[in-house]
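Chemist: Residue numbers (my numbering): 176 to 410.
We put the beta carbon where it would ideally sit given N, CA and C, even for glycine.
The structure that follows is given in the form of structure tokens.
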Amino acid sequence: MPLNALYGYYVFDHLEEAPRIFHVSLFLGSVGLVLTTAFSLHQVFHDQMTLEQTLHREGHAVTPMNVQLAMAISTLPIFTAGVAYTSLWVPALGFVLELLIAIFSCIAIGSLVQYFLQALGEPPAPRRLMRKVPKRRWWCGSLCGGVNDLLPALGHFWSKEPHRLQLHDLRFAFRVVAFFIWSYVILSTWQAGVSMVPTQVERVPGGWCVYPKPIGNTMQVILIVFAISSTFVGT
Numbered sequence: 176m177p178l179n180a181l182y183g184y185y186v187f188d189h190l191e192e193a194p195r196i197f198h199v200s201l202f203l204g205s206v207g208l209v210l211t212t213a214f215s216l217h218q219v220f221h222d223q224m225t226l227e228q229t230l231h232r233e234g235h236a237v238t239p240m241n242v243q244l245a246m247a248i249s250t251l252p253i254f255t256a257g258v259a260y261t262s263l264w265v266p267a268l269g270f271v272l273e274l275l276i277a278i279f280s281c282i283a284i285g286s287l288v289q290y291f292l293q294a295l296g297e298p299p300a301p302r303r304l305m306r307k308v309p310k311r312r313w314w315c316g317s318l319c320g321g322v323n324d325l326l327p328a329l330g331h332f333w334s335k336e337p338h339r340l341q342l343h344d345l346r347f348a349f350r351v352v353a354f355f356i357w358s359y360v361i362l363s364t365w366q367a368g369v370s371m372v373p374t375q376v377e378r379v380p381g382g383w384c385v386y387p388k389p390i391g392n393t394m395q396v397i398l399i400v401f402a403i404s405s406t407f408v409g410t
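Structure below.
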């Protein structure tokens, strides 16, 4: 179903026409929204109370930036669940939901990477810590003694022999995450833009709506595969 065929359609205006599966989805969505909000708010309040005690004990004037990044991640599921629940009632918001999930997931991964890298401390602390890391084939998969299960082929170039982690390994890993963030958001934006192109929508005898796609099927498949592959790189 093309998204542009759903503009101006609100399920609560046609509730009697909605199929039974929608009522099941509405119930599950309501339960999911309540549970997500409850667990997220509980985590936020718990972290805030613990943080106040830590700031007072250590003498911080304001919350450190890496802690702010970590706390911001706890609130992202609330906004995502809210938009997902709204999309049940306003189907045309589906493209907003896809783009929102892409942006929030990139924020979460980028913030966590920044948090872990800042936890290494200021130079020369990172270099000293890397000397204490055991030798492993880090860029290989877990079956070969590494930790890189999603892109184990990198071990052929970066971990032919067991070695300690070096600073250039951390920099390369950060660039991989940056590549994921840029590619995932750009491709999600492109797909959302394609879904919003105002083309002529026709109803076929079976009741389904079809429309001429702005891009060919081959290009669409390539973009989807590349978007999914970028999630592997980021993870």
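If we call anything under 8 Å between Cβ atoms a contact, is Gly431 one with Arg306?
Modeler: This structure does not reach residue 431, given that the chain is present from 176 up to 410, and the question cannot be answered.
Chemist: Just how far apart, CA to CA, sit Ser405 and Phe332?
Modeler: Answer to the nearest angstrom: the Cα atoms are 20 Å apart.
Chemist: Quick one: which unbroken alpha helix (DSSP H) runs of 4-plus residues sit fully inside the region 308 to 376? Chain order, please.
Modeler: Entirely contained in the region 308 to 376, the alpha helix (DSSP H) runs reaching 4 residues are, in chain order, 330 to 333 and 342 to 370.
Chemist: Give every residue of the same chain whose Cβ lies closer than 8 Å to the Cβ of Leu216, excluding the five residues on either side of it in the sequence, and list them in chain order.
Modeler: Result list for Leu216: Ile253, in chain order.
Chemist: Mind reading off the beta-carbon distance from Val219 to Ser249? Whole number of angstroms is fine, and I expect it under 8 Å.
Modeler: Right, their Cβ atoms sit about 5 Å apart.
Chemist: From which residue to which residue does the alpha helix (DSSP H) around His198 run?
Modeler: Arg195 to Glu233 is the extent of the alpha helix (DSSP H) around His198.
Chemist: Using a Cβ-Cβ cutoff of less than 7 Å, which residues in the same chain neighbour Asp324 once the five nearest sequence positions on both sides are dropped?
Modeler: Closer than 7 Å at Cβ, skipping near neighbours: Gly316 and Ser317.
Chemist: Could you spell out where the alpha helix (DSSP H) holding Ile282 opens and where it closes?
Modeler: Residues Gly269 to Gln293.
Chemist: What's the C-alpha gap between Thr261 and Gly368?
Modeler: Roughly 20 Å between the two C-alpha positions.
Chemist: Keeping to the same chain, check which residues put their C-beta closer than 8 Å to that of Ile356; ignore five residues upstream and five downstream.
Modeler: Once the five neighbours on either side are set aside, the close Cβ partners of Ile356 are Cys281, Ile284, Gly285 and Gly409.
Chemist: In its own chain, which residues sit with a C-beta less than 8 Å from the C-beta of Ala402, not counting the 5 before and 5 after it?
Modeler: Once the five neighbours on either side are set aside, the close Cβ partners of Ala402 are Ser358, Tyr359, Leu362, Ser363 and Gln366.
Chemist: I need the DSSP call for Val379, collapsed to helix, strand or coil.
Modeler: Reduced to three states, the DSSP call for Val379 is coil.
Chemist: Quick one: using the 10 Å Cβ neighbour count with 16 as the cut-off for buried, is Leu340 buried or exposed?
Modeler: Leu340 comes out buried.
Chemist: Reducing DSSP to helix, strand and coil, say where Val242 ends up.
Modeler: If DSSP states are grouped into helix, strand and coil, Val242 belongs with the helices.
Chemist: Whose C-alpha, out of Ala259, Val288 and Leu287, is nearest the C-alpha of Leu274?
Modeler: Nearest C-alpha to Leu274: Ala259.
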